[in-house]
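S.K.: In our numbering, the protein residues as written are 6 to 239. Where a beta carbon is used, it is the ideal one built from N, C-alpha and C, also for glycine.
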Ligand code: SF4
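What follows is the structure in structure tokens.
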């Protein structure tokens with residue numbers, strides 16, 4: 006990719022945002038939840054686990070423990086068994102017990118509404134906090150999960166590997182009002198088009214603004230068809 010000024014990168018980022026929104030107009034949080042408490046719990050459980058599996062587990066979890074105080078008082082072993090399908094279930098059970106206890110005892114049973122307070126809860130980092138802020142409280146936030154990090158680097162919007170630094174780079178390039186929806190659209194795109202091992206560049210609407218070396222993109226297809234037409238002619 007030719008050297009790009011900050012101004013050019015900003016313009017390109019805006020085009021990428023527009024195209025992403027056009028491509029995934031229905032992008033949304035795929036974790037089933039009602040309210041901040043359920044979203045916080047579901048997001049903690051989604052670490053190293055698909056949203057689909059989390060949704061099957063939370064259905065029963067929220068029926069048995071409908072509030073932070075009830076979950077904080079859960080029997081640890083019973084909780085572990087419920088969480089088992091999500092993987093790392095012992096650690097996740099510990100995190101849920103500790104964070105719900107903190108919400109129940111220090112925040113009057115209400116999930117706090119600021120980044121500072123959320124990230125002080127045990128086991129809650131910026132990614133989880135941004136999911137909650139953006140989707141439960143309407144405070145814009147960029148969620149850097151594995152998809153968003155990978156796509157941001159492929160699209161040359163960030164060179165960083167540390168999620169917090171990727172978040173800073175994206176905050177600088179994407180309008181604040183779009184942060185939450187941008188995160189959803191990036192995650193949708195990462196899951197449906199730009200997979201970790203098989204980016205489908207030839208089908209991708211972002212192709213012209215994405216400098217990733219498109220191994221099997223239209224340009225390559227065109228080149229190979231030229232080669233075969235040469236072969237046909239000779
Ligand atoms: S062009 Fe390829 S690498 Fe770039 S976003 Fe699309 S699928 Fe991903």
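So if DSSP puts residue 199 in a beta bridge, which residue, or which two residues, is it bridged to?
M.R.: Paired residue(s): 204.
S.K.: Residue 182 and residue 145 look like a contact to me (Cβ under 8 Å); what is the Cβ gap, rounded to whole Å?
M.R.: Confirmed, about 6 Å.
S.K.: Tell me whether residue 185 sits in a helix, a strand or coil according to DSSP, three-state version.
M.R.: In the structure shown, residue 185 sits in a helix (DSSP, three-state: H, G or I).
S.K.: So, with DSSP's three-state summary, where would you put residue 228?
M.R.: Confidence at residue 228 is low in this model, with a pLDDT of 33, below 50, so its placement is unreliable and the value that follows should be read with caution. Looking at residue 228 - three-state DSSP - the assignment turns out to be helix.
S.K.: Roughly how many angstroms lie between the CA atoms of residue 175 and residue 44, to the nearest whole one?
M.R.: The alpha-carbon atoms of residue 175 and residue 44 are separated by roughly 23 Å.
S.K.: By the 10 Å Cβ neighbour count, where 16 or more other Cβ atoms means buried, how is residue 172 classified, buried or exposed?
M.R.: Buried is the call here.
S.K.: Below 8 Å between beta carbons: does that hold for residue 156 and residue 178?
M.R.: Not in contact: residue 156 and residue 178 (Cβ atoms no closer than 8 Å).
S.K.: Could you tell me whether the Cβ atoms of residue 103 and residue 130 are closer together than 8 Å?
M.R.: Not in contact: residue 103 and residue 130 (Cβ atoms no closer than 8 Å).
S.K.: Considering only their Cβ atoms, is the gap separating residue 32 from residue 152 smaller than 8 Å?
M.R.: In this structure, residue 32 does not lie closer than 8 Å to residue 152 by Cβ.
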